[in-house]
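Start counting the sequence shown at 1; every next residue gets the next number (UniProt numbering).
Glycine included, each C-beta is placed from N, C-alpha and C at the ideal position.
The structure displayed is predicted, hence computed values, not measured ones.
A short write-up of the structure that comes next.
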Amino acid sequence: MTTTEPGATKSGLPKTNLPDELHAHHLLLLASGGRLMRIVQVLVELGLADMIGDGTMTADEIADKTGMHAPSLYRVLRAAAAVGILVEEPLKTFGLTPLGNGLRSNHPDGIFALVKYSIMDLTMRPYAEIMHSVRTGEPAFESAFGVSFYQYLEDNPEISRFFERFMRHWSRQTMQEDVWQQLRPQRFNRIADLGGGDGFFLSNVLREAPDTTGYLLDLPGAVAAAPPILEEHGVADRVTVIPGDFLTDDIPQGCDAYLFKGVMHNLSNDKLDLVLGKVRDALDGNPEGRLLIFDHVLEPPNQWDFGKFLDVDMLVLFGGHERTLEEFREAFDRCGFELLAEPTDHWALLECRVR
Numbered sequence: 001m002t003t004t005e006p007g008a009t010k011s012g013l014p015k016t017n018l019p020d021e022l023h024a025h026h027l028l029l030l031a032s033g034g035r036l037m038r039i040v041q042v043l044v045e046l047g048l049a050d051m052i053g054d055g056t057m058t059a060d061e062i063a064d065k066t067g068m069h070a071p072s073l074y075r076v077l078r079a080a081a082a083v084g085i086l087v088e089e090p091l092k093t094f095g096l097t098p099l100g101n102g103l104r105s106n107h108p109d110g111i112f113a114l115v116k117y118s119i120m121d122l123t124m125r126p127y128a129e130i131m132h133s134v135r136t137g138e139p140a141f142e143s144a145f146g147v148s149f150y151q152y153l154e155d156n157p158e159i160s161r162f163f164e165r166f167m168r169h170w171s172r173q174t175m176q177e178d179v180w181q182q183l184r185p186q187r188f189n190r191i192a193d194l195g196g197g198d199g200f201f202l203s204n205v206l207r208e209a210p211d212t213t214g215y216l217l218d219l220p221g222a223v224a225a226a227p228p229i230l231e232e233h234g235v236a237d238r239v240t241v242i243p244g245d246f247l248t249d250d251i252p253q254g255c256d257a258y259l260f261k262g263v264m265h266n267l268s269n270d271k272l273d274l275v276l277g278k279v280r281d282a283l284d285g286n287p288e289g290r291l292l293i294f295d296h297v298l299e300p301p302n303q304w305d306f307g308k309f310l311d312v313d314m315l316v317l318f319g320g321h322e323r324t325l326e327e328f329r330e331a332f333d334r335c336g337f338e339l340l341a342e343p344t345d346h347w348a349l350l351e352c353r354v355r
């Protein structure tokens, strides 16, 4: 059999002409993903990355500090080193790799919150029933917990508070530095940010447009954190905060821009059409009015895109999904909107007007 040097396609997948044994190793790693997740869970729950910091510690030192069984802990740490999260030095001593640094709770570009979210019962129990979603098209969350995702959060305040913190962290990490300028908010008199969480995004938008006012609408638990953020950005006197649900409640009227950031992927097509219909009605008769969606646009088939994993989250947890550009176009067409410009990135601004 002819072989070539190991490599990868643009998709990030191994080239198909790799030796069979390398394909086998790759498949074995994929099949072991659940084990790897649990190994990372140990590191996160022990706070290991913060504990080691810029130094090193032996397995015995870590065990003494955490009350773990040293020989068993060493075996888990050794496995973490095998995949590049830790580096093992002589005498069973461990330090962080650049990859492992991302597990530090204060790392500005880290994924500590995402890892913690991913290993919680909140997500793991529904994933254990993923076949329910594949079989029926319905969220496995309701099959696992007996209620919808957001009802579960309402019933469990501590988990809800963590989820809100996680969403704030994730929202800031996925935000492009120049997105405020992309929106060109100075052209609008009043902007409604629907599903805008704690108001961080709207605050920065309004700082670019000192004569523009805004509405911030989201669930009560989300907007409860908004007042200090609006004050910090100096826009509190220009924002009306509305606790509510844009699916079931009326949306603010009299705005010339309706903004959704990282929201549409939570929605099924039926719910998406419902929301877009509300916005279309609110903008009807205003040729300068705009629908502004800042969201993930999926890459073409066979290309690496973390959004394709988030899409499965949407299926299992919410019944929503990430969308391709064509799927967004179809939704806009169904609901009477025209897309004004092609997106230039996978986190993209989609600007529309009523057709």
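Task: residue 214: first and last residue of the uninterrupted beta strand (DSSP E) it sits in - done: Position 214 of the sequence shown, counted from the first residue, corresponds to residue 214. Counting along the chain, the beta strand (DSSP E) containing residue 214 begins and ends at 213 to 218.
Open item on the list: Let me make sure I understand the geometry here. Which of 279, 224 and 234 has the alpha-carbon closest to that of residue 203?
Closed with: Residue 203 sits at position 203 when you count from the first residue of the sequence shown. Selected option, being the one with the closest Cα: 234.
TODO: Look at the alpha carbon of residue 75 and the alpha carbon of residue 88, and state the distance between them as a whole number of angstroms.
DONE: Position 75 of the sequence shown holds residue 75. Position 88 of the sequence shown holds residue 88. Looking at the two C-alpha atoms, the distance is approximately 11 Å.
Open item on the list: Just verifying my parser: in three-state terms, what is the DSSP assignment at residue 243?
Closed with: Your numbering for residue 243 matches position 243 in the sequence shown. In the three-state DSSP reduction, residue 243 falls in the strand class (E or B).
- [ ] Can you tell me which of the three DSSP states residue 205 falls into?
- [x] Against the sequence shown, residue 205 aligns to sequence position 205. Three-state DSSP puts residue 205 in a helix.
Open item on the list: Can you tell me whether residue 27 is buried or exposed? The criterion is at least 16 other CB atoms within 10 Å of its CB, across all chains shown.
Closed with: Within the sequence shown, numbered from 1, the residue matching residue 27 stands at position 27. Looking at its Cβ environment, which holds fewer than 16 other Cβ atoms inside 10 Å, residue 27 is exposed.
Open item on the list: Between the alpha carbons of residue 240 and residue 181, how many angstroms are there, rounded?
Closed with: Here residue 240 refers to the residue found at position 240 of the sequence shown. Here residue 181 refers to the residue found at position 181 of the sequence shown. Distance between the alpha carbons of residue 240 and residue 181 is about 22 Å.
- [ ] Inspect the beta-carbon positions of residue 223 and residue 242 and report whether they are closer than 9 Å.
- [x] Looking up residue 223 in the sequence shown gives position 223. Looking up residue 242 in the sequence shown gives position 242. Yes.
Open item on the list: Here's a check: name, in chain order, each residue in its chain whose Cβ is nearer than 7 Å to the Cβ of residue 286, leaving out the five neighbours to either side.
Closed with: For the purposes of this step, residue 286 is taken as the residue at position 286 of the sequence shown. The residues are 256.
Open item on the list: Considering only their Cβ atoms, is the gap separating residue 320 from residue 259 smaller than 9 Å?
Closed with: Looking up residue 259 in the sequence shown gives position 259. Looking up residue 320 in the sequence shown gives position 320. No, these two residues do not count as a Cβ contact at 9 Å.
TODO: Would you identify the three-state DSSP class for residue 306, choosing helix, strand or coil?
DONE: Here the question's residue 306 lines up with position 306 in the sequence shown. DSSP places residue 306 in coil when its eight states are reduced to three.
Task: Close Cβ partners of residue 2 (< 7 Å) along its chain, the five nearest in sequence each way excluded - done: In the sequence shown, the residue the question calls residue 2 occupies position 2. Unreliable placement is indicated for residue 2, whose pLDDT of 37 sits below 50; the coordinate value is still reported in the next sentence. Cβ within range, chain order: n/a, list empty.
Open item on the list: Check for me: the alpha helix (DSSP H) holding residue 270 runs from which residue to which?
Closed with: Looking up residue 270 in the sequence shown gives position 270. Taken as a continuous stretch (DSSP letters only), the alpha helix (DSSP H) holding residue 270 covers 269 to 283.
Task: 6 Å Cβ shell around residue 133 - same chain, five flanking residues per side excluded - done: One-based indexing of the sequence shown puts residue 133 at position 133. Beyond the five residues adjoining it in sequence on each side, residue 133 comes within less than 6 Å, by CB distance, of 140, 315 and 316 in the same chain, given in chain order.
Task: Identity of the residue in 217, 272 and 227 nearest residue 253 by Cα - done: Taking the first residue of the sequence shown as position 1, residue 253 is located at position 253. Looking at 217, 272 and 227, the one whose alpha-carbon comes closest to that of residue 253 is 217.
Task: Outcome for residue 342 when other beta-carbon atoms lying within 10 angstroms are tallied against a minimum of 16 - done: One-based indexing of the sequence shown puts residue 342 at position 342. That one is exposed.
TODO: Using a threshold of 9 Å, state whether the C-beta atoms of residue 192 and residue 221 are closer than that.
DONE: The sequence position of residue 192 within the sequence shown is 192, counting from 1. The sequence position of residue 221 within the sequence shown is 221, counting from 1. Judged by their CB atoms, residue 192 and residue 221 are not nearer to each other than the 9 Å cut-off.
- [ ] With residue 155 as the anchor, note down where its alpha helix (DSSP H) starts and where it stops.
- [x] Here residue 155 is taken as the residue at index 155 of the sequence shown, counted from 1. Residues 149 to 155.
Open item on the list: Classify residue 71: buried if its beta carbon has 16 or more other beta carbons within 10 angstroms, exposed otherwise.
Closed with: Within the sequence shown, residue 71 is the residue found at index 71, counting from 1. Label assigned to residue 71: exposed.
- [ ] Mind the definition here: the segment 105 to 122 touches the segment 76 to 87 only if three or more C-beta pairs lie below 8 Å; say whether that holds.
- [x] no
TODO: Tell me whether residue 353 sits in a helix, a strand or coil according to DSSP, three-state version.
DONE: Counting from one through the sequence shown, the residue named residue 353 turns up at place 353. Strand.
Open item on the list: On the criterion of 16 or more Cβ atoms from any shown chain inside 10 Å, does residue 248 qualify as buried, or is it exposed?
Closed with: Residue 248 sits at position 248 when you count from the first residue of the sequence shown. Residue 248 is exposed by the Cβ-count criterion.
Task: Cβ-Cβ distance between residue 93 and residue 68 below 9 Å - done: In the sequence shown, counting from the first residue as 1, residue 93 sits at position 93. In the sequence shown, counting from the first residue as 1, residue 68 sits at position 68. Taking 9 Å as the Cβ cut-off, residue 93 and residue 68 do not qualify as a contacting pair.
Open item on the list: Measuring straight from C-alpha to C-alpha, what distance separates residue 50 and residue 184?
Closed with: For the purposes of this step, residue 50 is identified with residue 50 of the sequence shown, where counting begins at 1. For the purposes of this step, residue 184 is identified with residue 184 of the sequence shown, where counting begins at 1. Taking the straight line joining both Cα atoms gives about 40 Å.
TODO: Pick out the complete alpha helix (DSSP H) segments inside the UniProt domain "O-methyltransferase dimerisation" (31 to 101), 4 residues or longer, and give them in chain order.
DONE: 33 to 46, 48 to 52, 59 to 66, 70 to 82 and 98 to 101
Open item on the list: Looking at residue 350: is its Cβ nearer than 9 Å to the Cβ of residue 297?
Closed with: The residue labelled residue 350 in the question sits at position 350 within the sequence shown. The residue labelled residue 297 in the question sits at position 297 within the sequence shown. In contact: residue 350 and residue 297 (Cβ atoms closer than 9 Å).
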